[in-house]
Amino acid sequence: MLKTLYDKLWESHVVRADADGTTVLYIDRHLVHEVTSPQAFEGLREAHRGLWRTAANLAVADHNVPTTDRREGIADPTSRLQVETLDANAKSFGLTYFNMNDKRQGIVHVIGPEQGATLPGMTVVCGDSHTSTHGAFGCLAHGIGTSEVEHVLATQTLLAKKSKSMLVQVDGALPKGVTAKDIVLAVIGKIGTAGGTGYAIEFGGSTIRSLSMEGRMTVCNMAIEAGARAGMVAVDDTTIDYVKGRPFSPVGPQWEQAVAYWRTLHTDPGAKFDMVVRLDASQIRPQVTWGTSPEMVTAIDGRVPDPDQEKDAVRRDAMEKALTYMALTPNTPIENIRIDKVFIGSCTNSRIEDLREAAHVVRGRQRASNVKLAMVVPGSGLVKEQAEREGLDKIFKAAGFEWREPGCSMCLAMNADRLEPGERCASTSNRNFEGRQGQGGRTHLVSPAMAAAAGIAGHFVDVRSL
Ligand SMILES: CC(C)[C@H](C(=O)O)[C@@H](O)C(=O)O
Ligand code: SF4
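Below, the structure written as C-alpha cells:
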C-alpha cells in the first residue's frame with residue numbers, strides 16, 4: 003500500500019492501537035521547558051515515579067529568561083521561580099539540561115535541531131504548541147499539554163489519535179525578497195487559521211525542497227497557526243547534511259544505518275492525501291499581518307481591508323474588532339503604517355539564516371528616529387556565537403539595533419521585553435493576538451528582512467525595493 007510520510011512516521015511508533023483508533027505511540031524525544039513542566043514533575047514526585055528513559059529528555063529554560071545581562075540573575079520573582087524550579091527538577095530527575103548560563107541555551111525549538119536531538123523519523127513532543135517546528139526534519143512532532151508531559155516522562159508514550167492528512171504543495175521559484183515566512187503566512191492567508199484543524203500537514207513541492215532547514219523550520223513552526231497539529235517535510239540531502247556531526251547525532255556504522263532508513267521517509271509517489279492545497283511561489287509577495295490573527299494578512303503592496311466590503315457578517319465583525327484594536331483605518335496602504343518597535347527573534351525566525359537576512363538589510367543604514375527600540379534576539383547561544391563570528395552583531399549595533407541574549411523574549415512577553423499599551427511592532431514571531439507582546443501592544447507579523455526594513459524606514463516598506 004502506498005503511504006504518506008505521516009503514515010510511515012505514525013505506523014513505526016504504534017505500541018498498541020484500539021478499535022476506536024486510540025493509540026499508544028512511542029515517543030523518541032521529549033523536550034522540556036520551564037512553563038509547562040513544573041506540575042508534571044510534581045505529579046511524578048507525588049506518585050513516586052521516575053523517568054522511563056532519562057536520556058530521551060532534553061530540558062532548557064527559554065520563556066522566562068532575561069535577554070539582557072544575566073549575571074544579576076532574574077529580577078522578576080515569577081520568572082525566577084519558574085526557572086529555578088526547572089533547575090531543581092532537572093537536577094533531581096537527572097535530565098540533560100541547558101541552564102540559563104549555558105552557551106547551548108536557547109529557545110527549545112532552536113536548540114533541539116541544533117544539537118541533533120531532533121532527528122529524522124522521530125516522534126518529538128514538548129509541552130509547547132510550536133513543537134511542530136521539528137517536523138521539518140521528517141519527524142512527527144507536536145505540542146502536548148502538561149498532563150501529557152507527565153505521562154511522557156513516566157512512560158515514554160503518549161495516547162493519540164491519527165489526524166487526517168493534508169499536502170500543502172508549493173511549486174516554483176521564490177521571487178527575490180520573499181522568504182519561508184512569507185510562504186507560510188500566504189498559506190495561512192489562503193486556508194485560514196482553522197484550515198488545518200484535524201490535519202497533519204506535509205509541506206512539499208519544489209519551493210519547499212529548495213528551502214534550507216532553517217526555512218523549512220519556519221514553515222513547520224507555523225503549521226500550528228494554520229490549525230494543524232503537526233507540519234512536516236520529507237527527508238532529503240538538505241536534511242541529512244544538516245544533522246550530520248551534531249552532538250546528539252549518530253556516528254560510525256549507526257550513522258550509515260540511520261541515513262539508509264531516513265532516505266525512506268517521504269511520501270510514496272501516488273499516495274493519497276485527504277486534502278491537497280497548492281500555491282504558486284512566484285505569486286507570493288512579502289506578507290504583513292494587519293489584524294489580530296495570522297490569517298489577517300496581506301502583501302506589502304496591499305491595503306488594510308475594508309470591513310464594508312466583507313459580505314460574511316461574522317468575518318466583518320472580526321475585522322472591525324481587529325482594526326479597532328490595531329488602530330488601523332480601512333484602505334490604508336500597508337506601507338503607510340508606522341511602527342514603534344522591531345522584534346527580530348522567536349522560534350519562527352531567530353536562526354542564523356534569519357539573522358543574516360536581517361543584517362543584510364540593515365547594513366550601513368540607520369534605525370528610523372520614530373522607532374524606539376529594535377531588538378535582535380538570537381534563538382540560542384550558539385546562534386549568537388555564530389552571528390558574532392560573522393560580524394552580524396556589529397552590523398546591527400551600528401544601525402542602532404540592540405543585540406540581546408537568547409530566549410523567547412518579546413514573542414510573548416513573559417520576561418521584561420514587552421510592548422507598552424498602544425505600541426506597534428514589526429515582529430518576526432508567529433502570534434499576533436491581542437496583548438501577545440504586552441498588554442495593548444499591536445503586532446504585525448513579518449519576515450526578518452521585512453522587520454529589519456521597517457526598522458530602517460520607520461514604517462512597513464517593500465524589501466524588494468531596497
Ligand atoms: C508557554 C507555552 C505553553 C506556549 C505554547 O505552547 O505555545 C508558548 O510557547 C507560546 O508560544 O504561546
Ligand atoms: S519563541 Fe514564542 S512561539 Fe516560540 S516557544 Fe517561545 S513563546 Fe512560544
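Under this note's numbering, residues 3 to 468 are what the sequence shown spells out, in order.
Where a beta carbon is used, it is the ideal one built from N, C-alpha and C, also for glycine.
Taking 7 Å as the cut-off, is the beta-carbon of residue i closer than that to any non-hydrogen atom of ligand 1?
i: Leu60; result: no
i: Arg466; result: no
i: Val85; result: no
i: Val470; result: Residue 470 falls outside the range modelled here, since the chain spans only 3 to 468, and no answer is possible.
i: His50; result: no
i: His32; result: no
i: Gly114; result: no
i: Gly229; result: no
i: Gly137; result: no
Shorter than 7 Å, the distance from the beta carbon of residue i to the closest heavy atom of ligand 2, or not?
i: Leu414; result: yes
i: Asn432; result: yes
i: His446; result: no
i: Cys410; result: yes
i: Ile185; result: no
i: His132; result: yes
i: Cys349; result: yes
i: Ile190; result: no
i: Ile354; result: no
i: Asp64; result: yes
i: His144; result: no
Do residue i and residue j have their C-beta atoms within less than 8 Å of each other?
i: Val186; j: Val237; result: no
i: Ser348; j: Thr430; result: yes
i: Ser352; j: Val110; result: no
i: Gln158; j: Val278; result: no
i: Ser142; j: Trp12; result: Residue 142 is actually Leu in this sequence, not Ser. Yes, Cβ-Cβ distance for Leu142 and Trp12 is below 8 Å.
i: Arg31; j: Val126; result: yes
i: Asn103; j: Asp89; result: no
i: Arg358; j: Leu330; result: no
i: Thr56; j: Gly96; result: yes
i: Pro204; j: Tyr8; result: Reading off the sequence shown, one finds Glu at residue 204, where the question assumed Pro. Going by C-beta atoms, Glu204 is nearer than 8 Å to Tyr8.
i: Ala61; j: Gly137; result: no
i: Val299; j: Ile190; result: yes
Looking at the structure shown, is residue i part of a helix, part of a strand, or coil, going by DSSP?
i: Gly383; result: helix
i: Cys222; result: helix
i: Phe2; result: This structure cannot settle anything about residue 2, because the visible part of the chain is limited to 3 through 468.
i: Thr445; result: strand
i: Ala228; result: helix
i: Asp173; result: strand
i: Leu421; result: coil
i: Asn338; result: helix
i: Met452; result: helix
i: Gly409; result: coil
i: Val151; result: helix
i: Gln107; result: coil
Classify residue i as buried or exposed, calling it buried when 16 or more other Cβ atoms lie within 10 Å of its own Cβ.
i: Met168; result: buried
i: Ala376; result: buried
i: Gln441; result: exposed
i: Met3; result: exposed
i: Phe403; result: buried
i: Gln256; result: exposed
i: Gly198; result: buried
i: Tyr263; result: exposed
Can you round the beta-carbon distance between residue i and residue j to whole angstroms, since I take them to be within the 8 Å contact cut?
i: Gly140; j: Gly123; result: 6 Å
i: Val364; j: Ile336; result: Contact doesn't hold; Cβ gap of about 20 Å is too wide.
i: Ile286; j: Ala188; result: 5 Å
i: Gly254; j: Ile341; result: That pair is no contact at about 51 Å.
i: Glu407; j: Pro115; result: The Cβ separation is near 20 Å, so there is no contact.
i: Arg106; j: Gly383; result: 6 Å
At a Cβ threshold of 8 Å, is residue i touching chain D?
i: Ala401; result: This model lacks chain D altogether, as it is built from one protein chain only.
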